[in-house]
Structures are given as C-alpha cells and as structure tokens.
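Undergrad: Numbering (the numbering used here), first residue to last: 4 to 440.
Beta carbons: idealized from backbone N, C-alpha and C, even for Gly.
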Amino acid sequence: MSTLGFKQVQKLSQTQVLAPQLRQSLKILQAPALELRDVILEELETNPVLEELPMAGVSIENAEASPQNKDERESSEEMNFDEDYRILQQLDEDWREHFSEEKQQYSYSSEDASRREHMLNSLVSETSLQDHLIQQADMANLTEGERTAFTYLIGSLDDHGFLTTSLDEIATLAEIPLESVESACELLKRLDPPGLGCKNIQESLLYQLKLTGKENTLATTILKDHYKLLLRRRIPELAKHTEHSIDQVQKALELIATLDPSPGRKFAEDTNRIVMPDVRIHKDDGTWSIVLENEYIPKLRLSRIYKDLVAQGKVDAKEQEYIRDKIRSAKHLIHAIEQRQQTLERITQEILKHQGDFFHKGVSALHPLKMSEIADILGIHETTVSRAIANKYMETPHGVVPFKFFFTSGYTKGDGEALANTSIKDEIAHIIEAENP
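(1) Does residue 383 come out as helix, strand or coil in the three-state DSSP assignment?
(2) DSSP three-state label for residue 405, please.
(3) Would you mind listing the beta strand (DSSP E) stretches within the region 299-373 that are 3+ residues and don't spill past its ends, in chain order?
(4) Just the Cα atoms here: how many angstroms apart are residue 281 and residue 396?
(5) Output the boundary residues of the alpha helix (DSSP H) element that contains residue 134.
(6) Helix, strand or coil: which one does DSSP assign to residue 147?
(7) State buried or exposed for residue 231, treating a residue as buried only when at least 16 other CB atoms are found within 10 Å of its CB.
(8) Using the Cα positions of residue 32 and residue 383, report the straight-line distance between them to the nearest angstrom.
(9) Can you name the residues that DSSP bridges to residue 279?
(10) Contact defined as beta carbons within less than 8 Å: I believe residue 337 pairs with residue 391. What is the distance between those atoms, to the nearest angstrom?
(11) Rank 381, 246, 45 by C-alpha distance to the C-alpha of residue 356 and give the top, closest one.
(12) Figure out for me which residue from 132, 163, 310, 364 has the closest Cα to the Cα of residue 334.
(13) Leaving out five residues on either side along the sequence, give the residues of the same chain with a beta carbon under 6 Å from the beta carbon of residue 24.
(14) Following the continuous beta strand (DSSP E) through residue 56, name the residue where it begins and the one where it ends.
(15) Using 8 Å as the cut-off, can you tell me whether the region 160-175 makes contact with the region 260-270, which would need three or more C-beta pairs spanning the two stretches below that distance?
(16) What does DSSP give as the partner residue(s) for residue 28 in the beta ladder?
(17) What are the residues that DSSP puts in a beta bridge with residue 294?
(18) Residue 262 bridges to which residues according to DSSP?
(19) Excluding sequence positions up to five away, which residues of its chain have a Cβ less than 8 Å from the Cβ of residue 29?
(20) Excluding the 5 residues flanking residue 410 on each side, which residues of the same chain have their C-beta closer than 6 Å to its C-beta?
(21) Which class does residue 220 belong to by DSSP, given the choice of helix, strand or coil?
(22) Tell me, which residues are paired with residue 166 by DSSP?
(23) Please confirm whether residue 57 and residue 306 have their CB atoms less than 8 Å apart.
(24) Can you tell me the Cα-Cα spacing of residue 229 and residue 189, whole angstroms?
(25) Could you work out which residue in 41, 153, 134 is closest to residue 300 when comparing CA atoms only?
(26) Taking the C-alpha atoms as reference points, what is the distance between residue 354 and residue 342?
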C-alpha cells in the first residue's frame, strides 16, 4: 500500500510541474498560423536563448553543434530534456488510458454520442446554426421521416434562415411524404431563433407574432395585408386602410420593429473576414499534395552564445540556473511547434483520405465524418483533433474552407449512400438548376 501511495504522489508532482508546458503546448496547437507567429515573436522578445533563423538558415539540428570536450559533453547532457518529453508523452498516454477506461465503464447511447460530438464541434468555433438546431431537434420526438426532412430543411437555409427551395421539392429529393416535411418545417419555425424555415421576411415576421400570441393584432393585419405600404412607411395610408388612428399604427410598427427580419443572421459566418490558410492542398502530377503554411512561422534555434557560457563555466551558479531554465523553455517551445505541425499534417492526410471525393467533385461529394473517427485512427483524443483544427482554414481546389467544414453529420439514403449535411443544400441547388434552364 505504501508503494502505491508513493507512486500517486510522484505522478501528481509531475503533473503539477509540467502543467505550464502543457498549457503552452495546447495554446500553440490551437493557434492558427498568424496567431502562432505572434506567440513566437513574443517568446523571442522574452527569451534571450531563442534566435530566429533566416529563411535560408540552417536547421535546428545543425545549429546545435556537438560538444567538443568532456566539460561541454557533461553540460550538454544536463541540458538534454528528452526525459521531459518522454514524461509529457507518458502523461498523454495516461490520459488516453483514463478515457479508454471511462469508455469501458460507461455505455453510451446514440443520443449520448450525438451530444458528445456536438460538444467537440463546439470546441472548434462558435456554434453554427445547423448545430444549434440539431441540438434542439434531438429533444423532440421526431419520426424517422421527420428527422430526415429536418436534416434537408436546415441544409437548405440561407444566411438569413429562410428556405431556398419549396417543401414539395425537398419531399421529392428526400423521397419522403410531404406530410413529414411539413411537420418538420413546423417544428423548425418554432425553434430558437423563431421564424426560421419561412419563405421570406414577411412570412417570418408573421410567424414570430403568432408565436408570441399576437396574431390577431393590428401588426399582423399590416404585415399580412399591407406589406408594401409598410415597407414604404406610409403611415397615413396604413391608418386609412386599416381604419385605425395614426397613433395606433405607430404602436403597431413599434411592435413589428421588435421582431427579427433575419433570424439566422447572428449565426452567419463573417464573410468579410480575411483568413490565412494553414494548409494548402493542390494536385502535383496527378497526386494530391499537402503543403503546410510556414511562411509566417519564424524558424527557431538555441543561441550558441548562451550554451557556450554554461558549457565553459563563465557564469555563476545563479546565472547558470537562469540560462538552463530559458534553454528548457526554448526547447519545449520548439518541440510544441513541431508537434503542432505534425499533428495538423496527419489530420489533413486523413481528411484527404476520407473526403477525397470532395477534392475531386466539390461540396456535393462531401461525406459524413466525425472527429472521433480521425482521433481513433491517429491514436489521439478527440479534443486534440478539435483543438488542432480550431479556427484553421484549408485552401482547396474548391476554395478556402475551415477545417470544421469536413466534419459534419449526415444520413444514409435508400441506396446506402451516406450524404453529409453540408452537401444537401448543394444537391438541392443542382436539382433546381436542372429543372429551370
């Protein structure tokens, strides 16, 4: 028992000591290229042991020349932190074991798995409109047909939250009864934010009034019967046509002003934001190639000057400890950057394998894919995947897209083909385009 107790204390001590390095590693893993550059530049300012290599400079390995004498070798051995990396790696494996044991102790239902996947997606970025709606729909008692219809409906919403196609067309595409689509659409309109799934602003505002119990008010009459006058703010004419006073019309307009004419807007991505891809995918002699964006990430090495000061004993004990601490910090930083790049490249390789059809054909060929699938293949935890792709973009033959774009749920069609939610809207658009030459 005493041995076991000692082991627990020792392990806790390691965790506490390594926590700052682990926090830094997570920060670097999650940072996109430009943000990572800022982190590195800040470290260069605060750590004198770090040096930035010129673009055509030597590698880190070459920069760290081998010691020439016994004293230098001994000092170099003291500054070798491979053991620290081994402990870090062991700690990561311990966590993996811990999560593996948890999986064995608890059996997850498909509903639990769905909620867990949603949580992981939330680590990547702010919640998307689709995710927000799916989370709410999971609590509703939908039939299989209604759930399929709901998936198509949310996949065909525009940035304002309005439907881009008719319910009849969705029923035809999904090969399900129109009643199921209508029922799912009714649910969609009642979810948060209210007024989604309508054909236009007018219908959405009317439905929002209905949900608040104000469907028999002057505001409803104005929206329903005098919409054009409302848009032109012809208050006297509205008063005349509705047989109400100008004051009553103004109060009705004030009520309408509290409604949201674009319920999906707050979930729409900022299309004006300039993004820098962390990874570029291009075809080279018929083969897809992965290129990591390294142009903005400074290359680092350890300063020979400070290493020599320690190796040659030219500084006192206190200064030696300071320099060694800075060397340790610098090595951890370099290692964390290398790990980030390797992890991002490995994830990209798996995305290329699983979503190969997308790179050839575009959005319509996107397949359902979960982070847990990639994590299992790479032998890492799902949270590592979610952090590694957080706020990062990939340049593809079909444009620059966020990494999260490739991780989407979906459903299986009657012929067994799996269809991703993201591809649904694209498929509907092609059908409409074909029917309306």
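TA: In terms of the structure at hand:
(1) Reading the sequence shown from its first residue, position 380 is the one you call residue 383. Residue 383: coil per DSSP, three-state reduction.
(2) As a working mapping, residue 405 is identified with position 402 in the sequence shown. Three-state DSSP puts residue 405 in a strand.
(3) With a minimum length of 3 residues, the continuous beta strand (DSSP E) runs that stay inside the region 299-373 are 302-305.
(4) In the sequence shown, the residue the question calls residue 281 occupies position 278. In the sequence shown, the residue the question calls residue 396 occupies position 393. About 6 Å.
(5) Counted from its first residue, the sequence shown places residue 134 at position 131. Per DSSP, residue 134 belongs to the alpha helix (DSSP H) from 132-140.
(6) Counted from its first residue, the sequence shown places residue 147 at position 144. Shown here, residue 147 sits in a helix according to DSSP, grouped into three states.
(7) For the purposes of this step, residue 231 is taken as the residue at position 228 of the sequence shown. Exposed: under 16 other Cβ atoms inside 10 Å.
(8) In the sequence shown, the residue the question calls residue 32 occupies position 29. In the sequence shown, the residue the question calls residue 383 occupies position 380. So the two alpha carbons sit approximately 13 Å from each other.
(9) For this step, residue 279 is matched to residue 276 along the sequence shown. BP columns for residue 279 are empty, so no partner.
(10) For the purposes of this step, residue 337 is taken as the residue at position 334 of the sequence shown. For the purposes of this step, residue 391 is taken as the residue at position 388 of the sequence shown. Contact check for residue 337 and residue 391: beta-carbon distance about 18 Å, past the 8 Å limit, so the pair fails to qualify.
(11) To locate residue 356, count along the sequence shown from 1; it is residue 353. Sorting 381, 246, 45 by C-alpha distance to the C-alpha of residue 356 places 381 at the top.
(12) The residue labelled residue 334 in the question sits at position 331 within the sequence shown. Relative to the Cα of residue 334, the nearest Cα in the group 132, 163, 310, 364 belongs to 310.
(13) For the purposes of this step, residue 24 is taken as residue 21 along the sequence shown, with counting starting at 1. Within the same chain, residue 24 has close Cβ partners 335.
(14) For the purposes of this step, residue 56 is taken as the residue at position 53 of the sequence shown. It spans 53-56 - the beta strand (DSSP E) in which residue 56 sits, taken as one unbroken run.
(15) The region 160-175, when compared against the region 260-270, does touch it at the 8 Å Cβ threshold.
(16) Counting from one through the sequence shown, the residue named residue 28 turns up at place 25. According to DSSP, which records beta bridges pairwise, residue 28 is partnered with nothing at all.
(17) The sequence position of residue 294 within the sequence shown is 291, counting from 1. Bridge partners of residue 294: 283.
(18) For the purposes of this step, residue 262 is taken as the residue at position 259 of the sequence shown. Partner(s): none; residue 262 has no beta bridge.
(19) Locating residue 29 in the sequence shown gives position 26, counting from the first residue. If we look at residue 29 and ignore the five residues flanking it on each side, its Cβ neighbours are 390.
(20) Position 407 of the sequence shown holds residue 410. Closer than 6 Å at Cβ, skipping near neighbours: 372, 374.
(21) Taking the sequence shown and counting its residues from 1, the one referred to as residue 220 is at position 217. Of the three classes helix, strand and coil, the one that applies to residue 220 here is coil, per DSSP.
(22) One-based indexing of the sequence shown puts residue 166 at position 163. Partner residues in the beta bridge of residue 166, as assigned by DSSP, are 160.
(23) To locate residue 57, count along the sequence shown from 1; it is residue 54. To locate residue 306, count along the sequence shown from 1; it is residue 303. In this structure, residue 306 does not lie closer than 8 Å to residue 57 by Cβ.
(24) For the purposes of this step, residue 229 is taken as the residue at position 226 of the sequence shown. For the purposes of this step, residue 189 is taken as the residue at position 186 of the sequence shown. So the two alpha carbons sit approximately 25 Å from each other.
(25) Indexing the sequence shown from 1 puts residue 300 at position 297. The shortest C-alpha separation from residue 300 is found at 41.
(26) For the purposes of this step, residue 354 is taken as residue 351 along the sequence shown, with counting starting at 1. For the purposes of this step, residue 342 is taken as residue 339 along the sequence shown, with counting starting at 1. About 18 Å.
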